[in-house]
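Per full-length UniProt numbering, residue 1 is the first one in the sequence shown, and the count goes up by one each step. Don't be surprised by glycine CBs; every beta carbon is placed ideally from N, CA and C.
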Amino acid sequence: MPTLRNSGVSKKTSKACNRCRALKVKCSGTQPCERCARSSKHQCVFAIEEKRVAVPERYLRELERRSTIVNTKNVPTSGADGRQSQTESLSPTHGPTDSTGRRNVGETALNNAQDSAVTEPGFRQNPLVDYDLTFPKAAGRYWYMGPSSSWSFCRRVFALIRQRIHEADCPPVPWNFDGTAFHMDWASLPRDKCPDVSNLPPLDYALFLYNTAKFYLGGNLMCLIDESNFLRQLNELYADPQLKARQCRYWYATYLLIIAFGKAFACTRGHHGPSGYQYAQRAMGLLPSISILPADTIEGIQLLALAAIYLQSLDMRVGAFQVIGQALRLCLVEGMHREMREEVEREHSQRCSAVFWTVYVLEREFSALFGAPSSIRDEDITAKLPAEAENAADPSMLKLHVQLSRLRAQIMDTVYSVEPAAADSLVSNVQKILRNLAIMLEDMRVDSRLHGPNSLASRKALRLILGHHHCVVLSTRPLVMCALNLCLDRRQRQITEAISLSPAVTSLLQACLDSAQTTLRTLRLLAEEELLEGFLPFQVEDAFSSAFILQLISFVAPDLILDEGWNVNAQIAFDHMVARGSILAPLRLEELRQLERTLSSLKPGAQSEKTTEHGNEVDTQLGDDGHGLHEPGWDLFFMDCLGTLSSQDMMGLADQLDSETEFAALI
């Protein structure tokens, strides 16, 4: 066993404060030191010499192994004395006692060392990036489990439980591949053939469906539609359908998708699929070919973006990812990612800017949902942000969406990075993300579009806020997977004690929990006001990722969850989504139920008790909410759907991790 070189450590400790050690910079050695004196936020603390000991990780692993033996076997006292002499260097504050007392203190020190070895090293690396379940085999082929994908995360969790705990009530992994919810095929229509114009809705009904789609797509997605131009061409279509469809194929395909979206939002789900899917099927056959540059590239890009949203709504993730990628590449072909000079007409420049940034936001979001890196680097973009362009429509809101998209890319590049430099820095990477999320949260709070009586139920604002909460969940999700690994490892070794979490990890899990619970509360309020999107995939993803992570946190750290009402909120939100015709919601709801059954099987004797208590909580929660709320859908911001964690709280949490990550660097 290696010996501890206290002399070298004490020399270093006496000359550097804790903060300078964490930053790995030279310390003046004074009290306070020069660096801490310049910062009013940090207190200059010099660690006690004996507590600043560099210990090899293998030494802590050996202590963990020996502690397990102590807990499972009746070890002679002399053995305990031997271990006590080794652990006194780790915990030198206790004094000698009698033989029985010495054995108890030695076991306490071993348990403390075990907690450090179990929690801190276990949270250094992102298990979703480098893990043996990245390429599982199913249905006769290998599938890539993207690290940031909620679909992949669900399958990883089920596979991990089946792999580690054989007696768990874990049915086969619910793969639910593309096409499980609904499969739509189409064939490209040759350019020399006229599109099908049969069975089009009457003009007045088409206008109703257009306005329905406009409301639910809303916000920045409607930047894909030039309303005045669309309505003008709509009248031309009904004047001569065949001529208009033949001359303006891309516009006609856009019209078909708008009708399909409108029927999906306005009507309940049909027997054979979502209402109006036949119109979308026709539109897919008119998508731009990869071999020919569209005559009107902007119109082709708009069509591809709408098609990608529709495919994602059908849970056809592969098709959606490919189509939005084609849209982004057409933007690059047209140079929309570059700033356009004065010689370009202002109207054309503004149209290109709105379309590019909308496609940019969608591509970043779909990439994160798929678990793939973004297709374009921010360093290669010189196009002006919406707020910087003259006469841009709703520039501040679109700018915030772009800012959120860049944060998604940063999460992929840091928390989910595959670079060796990021291998042992999971907590510090999450810390960086929290800082940037805190800055953005402050921008959202002060933005005039996000408060005031005229924007309380704005779909643009709600999508932005829910996206912000999803980024918090996405960045902290690997920590929950780490905790699940440790819980399953302890159960495998028949250790009944709960895992011990460091303050840093506990705080991060609390931030994740807060965002997930706030998301579900917001979605429930939207459901009660019949404002849920239903058919679109975004709120289903928010509800599923939040409920799934809360199920896991209630298993790995049940003491953190003080309010079980999130389960009721999730059920109400999913019930409304299913009733409104969502294709995805039934699959995601069944996956949540399977996770609940599986985790309950890992708690012997607790399932029946949990069911009884949960039933009482449901009645209480429903009664309280039904009595206390008045028009909740319109008063969302008075309910603080931004969450209980303020930007100052998030920044303070990131600052707190400065000292916590120092310990991880030492062991």
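Rounded separation between residue i and residue j - CA only
i: Leu599; j: Arg588; result: 17 Å
i: Val556; j: Leu306; result: 40 Å
i: Asp178; j: Leu584; result: 11 Å
i: residue 749; j: Glu363; result: Outside the displayed range of the chain (1 to 667) lies residue 749, so it cannot be described from this structure.
i: Asn485; j: Lys137; result: 21 Å
i: Gly95; j: Cys20; result: The predicted model places Gly95 with a pLDDT of 39, which falls under 50 and marks its position as unreliable, so this point remains unresolved.
i: Phe230; j: Leu398; result: 22 Å
i: Trp357; j: Glu334; result: 14 Å
i: Val299; j: Pro195; result: Note that residue 299 corresponds to Glu in the displayed sequence, not to Val. The straight-line gap from Cα to Cα measures roughly 17 Å.
i: Phe158; j: Pro171; result: 9 Å
i: Val173; j: Glu342; result: 57 Å
i: Glu379; j: Leu369; result: 23 Å
i: Glu533; j: Gly140; result: 36 Å
i: Ser349; j: Asp226; result: 14 Å
i: Val323; j: Thr254; result: 14 Å
i: Glu236; j: Tyr144; result: 47 Å
i: Arg103; j: Leu160; result: Only weak support is given to the placement of Arg103: the predicted model assigns it a pLDDT of 36, under 50, and the value that follows is read from those uncertain coordinates. Near 37 Å, if we compare the C-alpha coordinates of Leu160 and Arg103.
i: Arg351; j: Asp132; result: 46 Å
i: Ala409; j: Leu550; result: 24 Å
i: His166; j: Phe321; result: 36 Å
i: Pro386; j: Met340; result: 13 Å
i: Ala16; j: Lys26; result: 7 Å
i: Trp251; j: Leu207; result: 16 Å
i: Arg346; j: Ser396; result: 20 Å
i: Leu287; j: Ala327; result: 11 Å
i: Glu590; j: Gln233; result: 43 Å
i: Ile411; j: Tyr205; result: 44 Å
i: Ser28; j: Ala37; result: 11 Å
i: Asp315; j: Pro537; result: 8 Å
i: Ser289; j: Arg246; result: 16 Å
i: His469; j: Asn567; result: 18 Å
i: Glu541; j: Arg593; result: 16 Å
Proximity below 8 Å, CB of residue i to CB of residue j
i: Pro241; j: Leu293; result: no
i: Thr297; j: Gly262; result: no
i: Leu501; j: Ile561; result: no
i: Leu437; j: Val480; result: no
i: Ser148; j: Leu474; result: yes
i: Ser313; j: Phe535; result: yes
i: Ile259; j: Tyr279; result: yes
i: Tyr360; j: Ser425; result: no
i: Val430; j: Thr382; result: no
i: Ile433; j: Thr414; result: yes
i: Val402; j: Phe123; result: no
i: residue 743; j: Val129; result: The shown model of the chain, from 1 to 667, leaves out residue 743, and the question about it has no answer.
i: Trp175; j: Arg162; result: no
i: Tyr216; j: Phe265; result: yes
i: Ala527; j: His576; result: yes
i: Cys482; j: Pro127; result: yes
i: Val355; j: Gln302; result: yes
i: Gly218; j: Arg459; result: yes
i: Tyr238; j: Leu209; result: no
Bridge-paired residues (DSSP) for residue i
i: Arg141; result: Ala138
Cβ distance (whole Å) where residue i is taken to contact residue j below 8 Å
i: Arg493; j: Ile499; result: Incorrect: roughly 12 Å between the Cβ atoms, too far for contact.
i: Gly146; j: Gly371; result: 1 Å
i: Gly325; j: Ser375; result: 6 Å
i: Arg524; j: Asn569; result: 4 Å
i: Ala573; j: Leu520; result: 7 Å
i: Leu256; j: Ala283; result: 4 Å
I want to know whether the stretch 508-522 touches the stretch 579-597 - three or more CB-CB distances under 8 Å. no
Assess contact between the stretch 458-471 and the stretch 438-446, defined as three or more Cβ pairs (one per stretch) separated by less than 8 Å. Is contact present? yes
At a cut of 8 Å, does the stretch 217-228 reach the stretch 271-290 through at least three beta carbon pairs? no
Any contact between the stretch 515-529 and the stretch 539-551? By contact I mean 3 or more CB pairs, one from each, below 8 Å. yes
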